[in-house]
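Peer 1: Residue numbering for the sequence shown follows my numbering, beginning at 87 and increasing consecutively.
For glycine and all other residues, C-beta sits at the position ideal for the given N, C-alpha and C.
The model shown is predicted, which means the values in this text are computed figures rather than measured ones.
Mind having a look at this structure? Questions to follow.
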Amino acid sequence: MEADTEIPSDSESLDEEPKAADPDDVADECDDTATDGPQRGTRWIRRRWRAVAIVCVLLASASSAAAVYFGGYRDAHETAGETTAVIDAASDGSVALLSYAPESLDQDIATAQSHLTGEFLTYYSQFAEQFVTPASKEKDIRAAASVVRAAAIDVQPDTAQVLVFLNQATTSRTNPQPVEAASAVKVGLTKVDGDWRISSFDPV
87 MEADTEIPSD
97 SESLDEEPKA
107 ADPDDVADEC
117 DDTATDGPQR
127 GTRWIRRRWR
137 AVAIVCVLLA
147 SASSAAAVYF
157 GGYRDAHETA
167 GETTAVIDAA
177 SDGSVALLSY
187 APESLDQDIA
197 TAQSHLTGEF
207 LTYYSQFAEQ
217 FVTPASKEKD
227 IRAAASVVRA
237 AAIDVQPDTA
247 QVLVFLNQAT
257 TSRTNPQPVE
267 AASAVKVGLT
277 KVDGDWRISS
287 FDPV
């Protein structure tokens, strides 16, 4: 006996036709897309400007740091240069003060005076005229000084102090063999028309 074969009806064997899209749903999706687009654009612009602002801040900070660094470097460099100028002026002036010979005495005194200023210039001029000139010419006294070392004690914009260590060799008609003498002098300086001049000369 054959089994009954169930034949599906036409209504069951045919696929259901797809439903048409609801116009309201499509409109909602379009609205969502239209809304998300500007929002994403706004967020992107904000992030971009935030990044630009951060870069600007970093550049400003770097510029400020560079200005401070190079400003400090320049100040330090200028201070070092001024200290060198002060030491050179004190050393050269000290040698000029303590070096002379009978045959070049007038020139030696003038050279020494060119390194001096103020009351000390007046004092040295009188001392050279009253004591150095007569003694050098009458006794053939010759003196030659050299700087062993020198160090700045204090350096200000217009004044300075330098400690100078010197050796001086002296000869005369009665003592032709050089007599060596070592000394230390605290040299005060004053800036005059951009040049450092000796304003005091005090043995230590």
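Entirely within the segment 159 to 215 and at least 3 residues each: give me those beta strand (DSSP E) ranges in chain order.
Peer 2: You should have found no qualifying run.
Peer 1: How would you label Tyr209, buried or exposed, when you count the other beta carbons within 10 angstroms and need 16 or more for buried?
Peer 2: As a first step, residue 209 is located in the sequence shown; it is residue number 123 there, counting from the start. Counting Cβ neighbours within 10 Å, Tyr209 comes out exposed, since fewer than 16 surround it.
Peer 1: Can you tell me whether Val218 is helix, strand or coil according to DSSP?
Peer 2: Indexing the sequence shown from 1 puts residue 218 at position 132. Helix at Val218.
Peer 1: Looking only at its own chain, which residues have a Cβ that is under 8 Å from the Cβ of Asp244, when we skip the five neighbours before and after it?
Peer 2: One-based indexing of the sequence shown puts residue 244 at position 158. Within the same chain, Asp244 has close Cβ partners Thr276 and Lys277.
Peer 1: Starting from the Cα of Ser291, find the closest Cα among Arg283, Arg235, Glu189 and Glu205 and give me that residue.
Peer 2: With the chain covering only 87 through 290, there is no way to say anything about residue 291.
Peer 1: Here's the rule I'm using: 16 or more other beta-carbon atoms within 10 Å means buried, otherwise exposed. How should Tyr180 be labelled?
Peer 2: Numbered from 1 along the sequence shown, position 94 holds the residue referred to as residue 180. A small fix is needed here, since residue 180 is Ser in this sequence, not Tyr. With 16 or more other Cβ atoms within 10 Å, it is buried.
Peer 1: CA-CA distance, Arg283 and Asn261?
Peer 2: On the sequence shown, residue 283 is found 197 positions in, with the first residue counted as 1. On the sequence shown, residue 261 is found 175 positions in, with the first residue counted as 1. Taking the straight line joining both Cα atoms gives about 34 Å.
Peer 1: Between Val248, Val233 and Glu168, which lies nearest to Ile239 when the distance is taken from Cα to Cα?
Peer 2: Here residue 239 corresponds to residue number 153 of the sequence shown, with the count starting at 1. Nearest option by C-alpha distance: Val248.
Peer 1: Between Asp288, Asp281 and Ser258, which lies nearest to Ala270 when the distance is taken from Cα to Cα?
Peer 2: Indexing the sequence shown from 1 puts residue 270 at position 184. The residue with the shortest Cα to Cα distance from Ala270 is Asp288.
Peer 1: When DSSP labels each residue in this structure, what does Ile284 get in the three-state scheme?
Peer 2: As a first step, residue 284 must be located in the sequence shown, where it is residue number 198. In this structure, Ile284 counts as strand in the three-state DSSP scheme.
Peer 1: Taking its Cβ as the centre, do 16 or more other Cβ atoms sit within 10 Å of Val112, making it buried, or is it exposed?
Peer 2: Taking the sequence shown and counting its residues from 1, the one referred to as residue 112 is at position 26. With a pLDDT of 43 at Val112, under the threshold of 50, the modelled position of that residue is not reliable, and the figure given next carries that caveat. By the 10 Å Cβ count, Val112 comes out exposed.
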